[in-house]
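Here's the structure, in structure tokens; my notes come after.
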Amino acid sequence: MRKIILRRLLVSVPLLLGMTFITFLFIQIAPGDFLDNLRLNPQISPQVIDLYKKKFHLGKPVIIQYFYWLKSILKLEWGYSFTYKTSVIKVISSHAINTLILSLSTIVFTWLFVFPLGILCVRYQKSFIDKFITFFSYIFISSPTFLLAIILLYLATFVEFLPLGGMRSLNFDDLSRLGKIFDILKHLIVPTLVLSLGSIAYLVRILRANLFEILSSPFINSLKARGLSKRKILLHALKNSLNPMITIFGYQISGLLSGAALTEIICGWPGLGQVILTAVRSQDLYLVMASVFIGGLLLILGNLVADILLAWVDPRIRYERF
Amino acid sequence: MSVFKKIIKDKVSLISLGVLIFLYLGAIFAPFFSPYPYDEEDVEYIWAPPAKIHFFDFKRKIFFRPFVYAYRYKIDEYYQRHYYEDKSKIYPIKFFVRGFKYKILGIIPCDLHLFGADTKIYLFGADGKGRDLFSRILYGARVSLSIGIIASLISFSLGLIIGGISGYFGGRIDNIIMRIVEMFMMIPSFYLLLALRASFPPDLTSTQIYFLIVIILSFIGWAQIARIIRGMALSLRERDYVYAAKALGVSDFKIIISHILPHTFSYALVAIVLSIPGYILAEAGLSLLGLGIQEPEASWGNLLSSALSIVKIRIYPWIIIPGIFILLATISFNILGERLREILTSRQ
Chain A
1016 MRKIILRRLL VSVPLLLGMT FITFLFIQIA PGDFLDNLRL NPQISPQVID LYKKKFHLGK
1076 PVIIQYFYWL KSILKLEWGY SFTYKTSVIK VISSHAINTL ILSLSTIVFT WLFVFPLGIL
1136 CVRYQKSFID KFITFFSYIF ISSPTFLLAI ILLYLATFVE FLPLGGMRSL NFDDLSRLGK
1196 IFDILKHLIV PTLVLSLGSI AYLVRILRAN LFEILSSPFI NSLKARGLSK RKILLHALKN
1256 SLNPMITIFG YQISGLLSGA ALTEIICGWP GLGQVILTAV RSQDLYLVMA SVFIGGLLLI
1316 LGNLVADILL AWVDPRIRYE RF
Chain B
-4 MSVFKKIIKD KVSLISLGVL IFLYLGAIFA PFFSPYPYDE EDVEYIWAPP AKIHFFDFKR
56 KIFFRPFVYA YRYKIDEYYQ RHYYEDKSKI YPIKFFVRGF KYKILGIIPC DLHLFGADTK
116 IYLFGADGKG RDLFSRILYG ARVSLSIGII ASLISFSLGL IIGGISGYFG GRIDNIIMRI
176 VEMFMMIPSF YLLLALRASF PPDLTSTQIY FLIVIILSFI GWAQIARIIR GMALSLRERD
236 YVYAAKALGV SDFKIIISHI LPHTFSYALV AIVLSIPGYI LAEAGLSLLG LGIQEPEASW
296 GNLLSSALSI VKIRIYPWII IPGIFILLAT ISFNILGERL REILTSRQ
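If you're matching them up, the sequences are chains A and B in order.
Taking the numbering used here, the leading residue of the first sequence gets 1016, the next gets one more, and so forth.
Taking the numbering used here, the leading residue of the second sequence gets -4, the next gets one more, and so forth.
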């Protein structure tokens, strides 16, 4: 097992390098750079700009700039954000926590509902409940998150209890510790719903199709012939339908930081999505690079976790692949 | 042909096909269906609500004939406009009226419109500049619906060719191409979308932005398709007819084009249909954030951008209508794609 993990990690290093280089290239191809904004500011002298230029190696070819960036990344110096006027690490870490909170609550909420709904569908197949769930899953799969966000925010205007976007109330600092947690939870409701409705719908559909397929396989028939109760048969089927769900769970982990960008922006959640939008708008190179880097890193980790989980659950994969 | 017949027979997919045809016809003949040009502003109709179509007026003895009243407004103490119907005069809705000039399909000059009235008739209400939301949605459909199809076709041709080459040759070429594909798949797509958009100057014309978005979207989309086509090509190249073609001295390129890729066609068709909604949504998302199609040009995304303000949705709920159109298009494409897949896989 340790060998597998090590090999996968080694393979992902060149991937990460290539990915960051592609991103770096694109941002550098762009006409103008992040010093343009500073140049427009009459209070900043040309000498200061030259200093910046030297400090960030701006005059040099792209590939050399990239290596400088790589060197500093390895030294854990992630550069300076020109828009937020602090170090990139500070900006990212302060916003990434918010995104993590949102993503984790989404994952918890999603998985809380997927299995009960999927089992309901299979237990009462072709009944009203099944059709009802499939119908809504179709709608939620197709509905874009931004539309869902807008509609839910609109509906939230009718509920006095629900806040309209943001993460904290105005009087957040005056609240007690419990009150603070409660306040954030209250703000979490709408964005969590927006993000999880779509993935619940998607997962329920996959689980349903999968369960149906397994329930018609021969080993279930033999279980039936032995006279197992319906419940126990369903449990056996569930265990066998876990594979694709685990793969998707891995994807969810990889999307922890980048999956919620648009929803965050619309719901005013102060996460990485907002950071990258402002960074992109002002061509804040180091900030964009760092966000893409972290996003890619998480994607690799997520895939790795999914693979390990799969190998752990399914012995067939364990023997076949490694 | 039999695939088409099966779709026609199935009620749900027939409906979604119908919706799509309806939407695309609306987009192609947008000027004919829309009573006003998409950029015509009217100060008297800023944020005017949707026109109420009446059929009865007992005082004037009108039965079963559609007509509208003109909107007038009062300004309250907060400088907020309150629209009400001016019932002193009625304006019957006329069909096939003459209006602003346009060209059918860009060629035949014409000034005929489906409907109109002697007063403003804004079916879906007006936006903040007093423009007709209905006309703007029709014109926006041209952008939003065509971007989906063009982008998916381009990324498919790219994915097919690259995936085909990679799978057919295998070995080192396959290894290199697949590593590149994985790199592209690893970049978080929304971040890549934003980063790519940022790498071009913000002050482009709408046509330039349109093509830019198409290119960006296909650039992001090709990797996934290439990977799947490559998997299919890997197994297809072991078939006897491919060996036969090789033995006959057919060139590699020709084998890929005429013996490998055609067999991926049924998969490709399903995947094209299923990928279009993603492209439509990506364009809408970009335009929604103000990075896509710019005013006064309309696209479903930038029409929805005024709905980002919660206060505005609360006061003018009709600005969410473009979102309903986006939903209609994506649901129809998804249902159609799913059904196509069912039909095609059951046939094999």
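All C-beta atoms, glycine included, are put in the ideal place defined by N, C-alpha and C.
| Asked | Found |
| --- | --- |
| Interface flag, R309 (chain B) vs chain A, CB-CB below 8 Å | yes |
| Any 3 or more C-beta pairs closer than 8 Å across the stretch 170 to 182 of chain B and the stretch 233 to 253 of chain B | no |
| Cβ pair R334 (chain B), D5 (chain B) closer than 8 Å | yes |
| Interface residues of chain A facing N297 (chain B) [CB-CB closer than 8 Å] | Going along chain A, no residue has its Cβ under 8 Å from N297 (chain B), so there is no contact; the nearest lies around 12 Å. |
| The beta strand (DSSP E) enclosing P1259 (chain A), as first and last residue numbers | Premise fails: P1259 (chain A) lies in the alpha helix (DSSP H), L1257 to S1269, not in any beta strand (DSSP E). |
| Identity of the residue in A:V1290, A:L1312 and A:N1318 nearest S1109 (chain A) by Cα | A:V1290 |
| Beta carbon of A228 (chain B) nearer than 8 Å to that of I255 (chain B) | yes |
| Sequence-distant residues of the same chain with beta carbon closer than 6 Å to G1094 (chain A), five excluded per side | V1103 and Y1301 |
| Whether F151 (chain B) touches I220 (chain B) by CB criterion (8 Å) | yes |
| Endpoints, alpha helix (DSSP H) assigned at D235 (chain B) | D235 to A242 |
| Same chain only: Cβ atoms within 8 Å of L1177 (chain A), ignoring 5 sequence neighbours per side | A1171, K1201, I1204 and V1205 |
| C-beta atoms of I142 (chain B) and I208 (chain B) nearer than 8 Å | yes |
| Straight-line Cα distance separating F1124 (chain A) from R261 (chain B) | Sequence inspection shows Ser at residue 261 (chain B); the Arg mentioned does not correspond to that position. Approximately 37 Å between the Cα atoms of the pair. |
| Sub-8 Å separation of L140 (chain B) and F28 (chain B) beta-carbons | no |
| Chain A contacts from the stretch 157 to 186 of chain B (Cβ-Cβ distance under 9 Å) | R174, I175, E177, M178, F179, M180, M181, I182, P183, S184, F185 and Y186 |
| Cutoff 8 Å: F1337 (chain A) Cβ touching any chain B Cβ | Note that F1337 (chain A) scores a pLDDT of 43, beneath 50, so its modelled location is shaky; the value from the coordinates is reported in the next line. For F1337 (chain A), the answer is no, since every Cβ of chain B falls outside 8 Å of its Cβ. |
| Helix, strand or coil at Y1139 (chain A) [DSSP, three-state] | coil |
| Cβ of Y1266 (chain A) within 8 Å of any chain B Cβ | no |
| Burial state of T200 (chain B) (16 or more Cβ within 10 Å) | exposed |
| A1276 (chain A) burial status per 10 Å Cβ neighbour count (16 or more: buried) | buried |
| For Y1301 (chain A), the first and last residue of its enclosing alpha helix (DSSP H) | L1300 to V1328 |
| CA-to-CA distance, L107 (chain B) to V92 (chain B), given in whole angstroms | 6 Å |
| Distance between Y238 (chain B) and F164 (chain B) (C-alpha atoms, nearest Å) | 13 Å |
| Chain-order list of residues whose beta-carbon lies under 8 Å from that of L1324 (chain A) (same chain, five-residue window excluded) | I1261, F1264 and G1265 |
| Reference K115 (chain B), options B:I305, B:Y40, B:L286 and B:Y274, closest by Cα | B:Y40 |
| Through-space distance from Y1083 (chain A) to L1090 (chain A), alpha-carbon basis | According to the sequence as given, residue 1090 (chain A) is Lys; it is not Leu. For K1090 (chain A) and Y1083 (chain A), the distance between alpha carbons rounds to 11 Å. |
| Contact under 8 Å by Cβ, F1155 (chain A) with A1216 (chain A) | yes |
| Chain A within 8 Å of I132 (chain B), Cβ atoms only | no |
| Sequence-distant residues of its chain with Cβ nearer than 7 Å to G123 (chain B) (five each side left out) | I41, W42 and S301 |
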